[in-house]
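Inspection log for the structure reproduced underneath, given as structure tokens.
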Amino acid sequence: MAALDHFHLGLLYMVHLLIGSDGKVSTDEQAALLKIKQSEKIPEEIFQLFTDAVSTKSEREIYQEGIELLNKCGDKEKLRAFVHLYKLSEADGNVHVKEVRLLLYSIKLTGIEFNDVVEMAKKNA
10 MAALDHFHLG LLYMVHLLIG SDGKVSTDEQ AALLKIKQSE KIPEEIFQLF TDAVSTKSER
70 EIYQEGIELL NKCGDKEKLR AFVHLYKLSE ADGNVHVKEV RLLLYSIKLT GIEFNDVVEM
130 AKKNA
């Protein structure tokens, strides 16, 4: 799998987990997922791989694979992924505690600084 595929699939896995972390998937969150797919130019074959995987894997497996895939990326890609996730956490107008926990713990595991994520998100607002 190519480095860009690691980024795309890792990002999609983490987006899936963040969207479902509060127990509700809003239409705004679903639209945000498709916007991320479009803005990152995620190929349809990677998106199909993602949809197949999330239908058969547990949340724990998805999380572990998502972190592993992102850790195969450079810091710029990791930061970009977490900026998407940070913005997504606000997509439904309500940041849930579980979303915050997922973000903070995942950021820690990938070696990215939370302040860098917030700063970059504000620049790209």
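With the numbering used here applied, the sequence shown covers 10 to 134. Note that beta-carbon positions come from the ideal geometry of N, C-alpha and C, so glycine has one too. Everything numeric in this text was worked out from a predicted model, so none of it was measured.
Quick check on DSSP: helix, strand or coil for Asp31? When DSSP states are grouped into helix, strand and coil, Asp31 belongs to the coil group.
Which whole-angstrom value is the C-beta distance of Leu27 and Leu97, which I expect to be below 8 Å? Correct: roughly 6 Å between the Cβ atoms.
Thinking Asn133 and Val92 are a contact (beta carbons under 8 Å), I'd like their distance in whole angstroms, please. Yes, Asn133 and Val92 are in contact; Cβ-Cβ is about 6 Å, under 8 Å.
Leaving out five residues on either side along the sequence, give the residues of the same chain with a beta carbon under 7 Å from the beta carbon of Leu43. Cβ neighbours of Leu43 within its own chain (closer than 7 Å, five residues either side excluded): none.
Local Cβ density within 10 Å of Thr119, reported as buried at 16 or more and exposed below that: With 16 or more Cβ atoms within 10 Å of its Cβ, Thr119 is classed as buried.
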